[in-house]
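K.L.:
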Amino acid sequence: MLLSWITGVTLAVQARTSRVWFHSKMLAVVLLTALHFYDGVLPKAFAEDRNTRSAKFFRFYNEARQC
């Protein structure tokens, strides 16, 4: 993931794309990175019996992630 971040930013700077395009892509990358880390937090909370989310939340979350 770190290599993707580095090469992506490097390519964007070298290509000199429009700022709107760069900012929108960076926002998507930041959101996907946050989602990736959140997906790592959920199993740890289950393993440590610290889960506070309902089954309904996880059903919705699973369906949303499948899209």
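If you use our numbering, the sequence shown corresponds to residues 49 to 115, in order.
Glycine included, each C-beta is placed from N, C-alpha and C at the ideal position.
(1) Tell me which residue opens and which closes the alpha helix (DSSP H) that GLU111 is part of.
(2) In angstroms with no decimal places, state the Cα-to-Cα distance between TYR86 and TRP69.
(3) Taking only the alpha-carbon atoms, compute the straight-line gap between VAL89 and THR55 and give it to the nearest angstrom.
P.N.:
Here's the rundown:
(1) By one-based count along the sequence shown, residue 111 stands at place 63. Segment 103–114, the alpha helix (DSSP H) holding GLU111.
(2) Walking along the sequence shown from the start, residue 86 turns up at place 38. Walking along the sequence shown from the start, residue 69 turns up at place 21. So the alpha carbons of these two residues sit roughly 26 Å apart.
(3) Taking the sequence shown and counting its residues from 1, one reaches residue 89 at position 41. Taking the sequence shown and counting its residues from 1, one reaches residue 55 at position 7. Approximately 26 Å, taken between the alpha carbons.
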